[in-house]
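Peer 1:
Residue numbers (the working numbering): 316 to 649.
Structure representation (structure tokens):
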């Protein structure tokens with residue numbers, strides 16, 4: 316992790332201005348609806364081009380269309396945010412690094428390699444891939460190094476590739492938490508706690524729905540949120556009525572998530588609500604004019620935008636109706 320000094324709001328005047336000027340290019344709900352309802356892919360590409368995506372040379376029928384559109388934009392966004400100072404927002408880049416670590420390990424260990432690396436992390440993809448391949452982990456953060464070693468050990472003992480994901484997710488949250496504390500920004504630290512809360516509530520209700528054993532479920536909870544990981548494990552077998560009282564720090568989130576899960580929308584509605592809960596936190600700083608919160612919120616808005624674009628394109632390609640696509644979409648920043 317790069318050394319970062321504690322920040323002041325005035326340190327971000329320039330980067331705040333640059334990101335605020337780009338907010339007008341963010342895709343809003345009305346534009347998302349147009350993308351869904353467009354008569355053909357020519358119109359879809361035209362709309363995306365108007366919002367800053369490089370659509371040159373694309374016909375709209377490419378299998379990797381979403382990846383080609385998003386990867387370049389993600390790299391450009393990361394480059395913009397890096398202007399705030401080296402290491403300042405590594406917190407938001409670590410999930411891409413850890414995703415790439417998972418891919419690198421699975422490419423090595425599993426019979427069918429996956430070419431699913433993403434750009435826009437704190438470590439260039441090729442550098443990270445070579446570090447894992449050669450077991451020369453110096454370019455990685457200390458948490459990444461330990462996480463890779465533990466993931467390899469877990470897989471060698473069990474042959475269960477899911478433990479690679481769980482192990483690296485745990486260390487990802489540790490890196491994010493440490494990075495947020497180093498920057499010393501309340502919004503950033505609160506975002507990481509909220510992200511951990513959402514991950515834990517998702518895991519809790521998903522594992523219960525799937526009938527997983529308490530022993531297995533205990534492995535999927537993470538520290539760094541408003542409720543310690545062990546509390547989720549202790550509450551795992553409690554009734555739904557008892558859960559909010561046992562997990563007070565996430566009671567409101569949990570009650571609404573349970574309502575969605577038990578409603579007509581089931582798992583899809585529950586997952587959607589959890590993601591929208593995280594975006595609601597980000598939206599709290601929508602009208603802040605300068606400070607670290609501005610580039611942070613922009614970066615998070617772009618990541619949600621990428622998810623929405625991917626879902627729209629996938630839905631169109633698989634023949635889903637406009638209504639079916641819309642009910643699956645996450646809330647956007649604008």
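Heads up, the beta-carbon is just placed ideally off N, CA and C, and yes, glycines get one too.
#1: Would you kindly work out how many angstroms separate the C-alpha atoms of residue 514 and residue 537, rounded to a whole number?
#2: Hey, residue 569 and residue 558: beta-carbon distance below 8 Å or not?
#3: Compute the Euclidean distance between the alpha carbons of residue 460 and residue 452, then round it to the nearest angstrom.
#4: Check whether the Cβ atoms of residue 415 and residue 400 sit closer than 8 Å, and answer yes or no.
#5: Spatial neighbours of residue 647 within its chain, please: C-beta separation below 7 Å, excluding the five flanking residues on both sides.
#6: Look at the Cβ atom of residue 669, then the Cβ atom of residue 546, and state whether they are nearer than 8 Å.
#7: According to DSSP, is residue 494 part of a helix, a strand, or is it coil?
#8: Between residue 327 and residue 607, is the Cβ-Cβ spacing less than 8 Å?
#9: When we look at the beta-carbon of residue 407 and count the other beta-carbons within 10 Å, is it buried (16 or more) or exposed?
#10: Compare the beta carbon distance of residue 457 and residue 442 with 8 Å and say whether it is the shorter of the two.
#11: Could you give the first and the last residue of the continuous alpha helix (DSSP H) run that contains residue 551?
#12: Can you tell me whether residue 428 is helix, strand or coil according to DSSP?
#13: Where residue 448 and residue 438 are concerned, what is the direct C-alpha to C-alpha distance, given to the nearest angstrom?
#14: So, for residue 476: in the same chain, excluding its five sequence neighbours on each side, which residues have a beta-carbon less than 8 Å away from its beta-carbon?
#15: In three-state DSSP terms, what is residue 483?
#16: I think residue 381 touches residue 583, with their Cβ atoms under 8 Å apart; what is that distance to the nearest whole Å?
#17: In the DSSP assignment, find the alpha helix (DSSP H) that holds residue 585 and state where it starts and stops.
#18: Considering only the alpha carbon of each residue, which of 640, 571, 483 and 572 lies closest to residue 535?
#19: Specify the secondary structure class of residue 603 as computed by DSSP and reduced to three states.
#20: In terms of alpha-carbon separation, which member of 599, 413 and 630 lies closest to residue 488?
#21: Going along the chain, which residues of its own chain have a beta-carbon closer than 7 Å to the beta-carbon of residue 270, five neighbours each way excluded?
#22: Start and end of the alpha helix (DSSP H) containing residue 561?
#23: Could you say which of 560, 332 and 645 lies nearest to residue 615 if we only look at CA atoms?
#24: Between which residues of its own chain and residue 551 is the CB-CB distance below 6 Å, once the five residues before and five after are set aside?
#25: Taking the straight line between their C-alpha atoms, what separation do you get for residue 604 and residue 593?
#26: Can you say whether residue 497 is buried or exposed, counting buried as having 16 or more other CB atoms within 10 angstroms of its CB?
#27: For the alpha helix (DSSP H) that contains residue 512, what are its first and last residues?
#28: Answer yes or no: do residue 627 and residue 351 have a C-beta to C-beta separation smaller than 8 Å?
#29: Thinking C-alpha only, which one of 596, 378, 379 and 384 is nearest residue 364?
#30: List the whole-angstrom C-beta distance separating residue 610 from residue 331, where the pair is believed to meet the contact cut-off of C-beta under 8 Å.
#31: Apart from the five residues just before and just after residue 377, which ones in its own chain have a Cβ nearer than 8 Å to its Cβ?
#32: Using a Cβ-Cβ cut-off of 7 Å (strictly less than) and excluding sequence neighbours within five positions of residue 516, which residues of its own chain qualify?
Peer 2: This is what the structure holds:
#1: Sequence index remark: in the chain shown, residue 514 carries index 199 (1-based). Sequence index remark: in the chain shown, residue 537 carries index 222 (1-based). Taking the straight line joining both Cα atoms gives about 8 Å.
#2: For the purposes of this step, residue 569 is taken as residue 254 along the chain shown, with counting starting at 1. For the purposes of this step, residue 558 is taken as residue 243 along the chain shown, with counting starting at 1. A contact, by the Cβ cut-off of 8 Å.
#3: Taking the chain shown and counting its residues from 1, one reaches residue 460 at position 145. Taking the chain shown and counting its residues from 1, one reaches residue 452 at position 137. So the two alpha carbons sit approximately 6 Å from each other.
#4: The count along the chain shown starts at 1 and reaches residue 415 at position 100. The count along the chain shown starts at 1 and reaches residue 400 at position 85. For residue 415 and residue 400, no; Cβs fall outside 8 Å.
#5: Stepping through the chain shown from its first residue, residue 647 is reached at position 332. Only 342, 343, 344, 347, 619, 620 and 623 meet the Cβ criterion.
#6: In this structure the chain extends from 316 to 649, so residue 669 is not present and cannot be described.
#7: Taking the chain shown and counting its residues from 1, the one referred to as residue 494 is at position 179. Of the three classes helix, strand and coil, the one that applies to residue 494 here is helix, per DSSP.
#8: Taking the chain shown and counting its residues from 1, the one referred to as residue 327 is at position 12. Taking the chain shown and counting its residues from 1, the one referred to as residue 607 is at position 292. Yes.
#9: By 1-based counting over the chain shown, the position of residue 407 is 92. Classification for residue 407: buried.
#10: Counting from one through the chain shown, the residue named residue 457 turns up at place 142. Counting from one through the chain shown, the residue named residue 442 turns up at place 127. In this structure, residue 442 does not lie closer than 8 Å to residue 457 by Cβ.
#11: In the chain shown, the residue the question calls residue 551 occupies position 236. Careful: residue 551 lies outside any alpha helix (DSSP H) and carries neither H nor E.
#12: For the purposes of this step, residue 428 is taken as the residue at position 113 of the chain shown. Correct three-state label for residue 428: coil.
#13: Counting from 1 along the chain shown, the entry for residue 448 is found at position 133. Counting from 1 along the chain shown, the entry for residue 438 is found at position 123. Each residue's Cα considered, the two are about 15 Å apart.
#14: Against the chain shown, residue 476 aligns to sequence position 161. Taking C-beta separations shorter than 8 Å and ignoring five residues to either side along the sequence, the partners of residue 476 in its chain run 421, 424, 425 and 470, following chain order.
#15: Counting from 1 along the chain shown, the entry for residue 483 is found at position 168. Residue 483: helix per DSSP, three-state reduction.
#16: Along the chain shown, read from residue 1 onward, the residue named residue 381 stands at position 66. Along the chain shown, read from residue 1 onward, the residue named residue 583 stands at position 268. Rounded, the Cβ-Cβ distance is 20 Å, inconsistent with contact.
#17: As a position in the chain shown, residue 585 is number 270, starting the count at 1. Taken as a continuous stretch (DSSP letters only), the alpha helix (DSSP H) holding residue 585 covers 581-597.
#18: For the purposes of this step, residue 535 is identified with residue 220 of the chain shown, where counting begins at 1. When each option's Cα is compared against that of residue 535, the closest is 483.
#19: Reading the chain shown from its first residue, position 288 is the one you call residue 603. Reduced to three states, the DSSP call for residue 603 is coil.
#20: Locating residue 488 in the chain shown gives position 173, where the first residue counts as 1. Of the candidates 599, 413 and 630, the residue whose Cα lies closest to the Cα of residue 488 is 413.
#21: No answer is possible for residue 270: the residues shown for the chain start at 316 and end at 649.
#22: In the chain shown, the residue the question calls residue 561 occupies position 246. For residue 561, the enclosing alpha helix (DSSP H) has its first and last residue at 558-561.
#23: Looking up residue 615 in the chain shown gives position 300. The option with the nearest alpha carbon to residue 615 is 645.
#24: Your numbering for residue 551 matches position 236 in the chain shown. Closer than 6 Å at Cβ, skipping near neighbours: 529 and 532.
#25: Translated into positions along the chain shown, residue 604 becomes position 289. Translated into positions along the chain shown, residue 593 becomes position 278. So the two alpha carbons sit approximately 21 Å from each other.
#26: Here residue 497 is taken as the residue at index 182 of the chain shown, counted from 1. Buried: at least 16 other Cβ atoms inside 10 Å.
#27: Sequence index remark: in the chain shown, residue 512 carries index 197 (1-based). Element bounds for residue 512: 501-525.
#28: Taking the chain shown and counting its residues from 1, the one referred to as residue 627 is at position 312. Taking the chain shown and counting its residues from 1, the one referred to as residue 351 is at position 36. Yes, the pair counts as a contact, with Cβ atoms nearer than the cut-off.
#29: Within the chain shown, the letter at position 49 stands for residue 364. For residue 364, the nearest C-alpha among the options comes from 384.
#30: For the purposes of this step, residue 610 is taken as the residue at position 295 of the chain shown. For the purposes of this step, residue 331 is taken as the residue at position 16 of the chain shown. Rounded, the Cβ-Cβ distance is 7 Å, consistent with contact.
#31: Taking the chain shown and counting its residues from 1, the one referred to as residue 377 is at position 62. Here the set comprises 383.
#32: Walking along the chain shown from the start, residue 516 turns up at place 201. The beta carbon of residue 516 sits closer than 7 Å to the beta carbons of 565, 568, 569, 572 and 589 from its chain, once the five residues preceding and following it are set aside; these are given in chain order.
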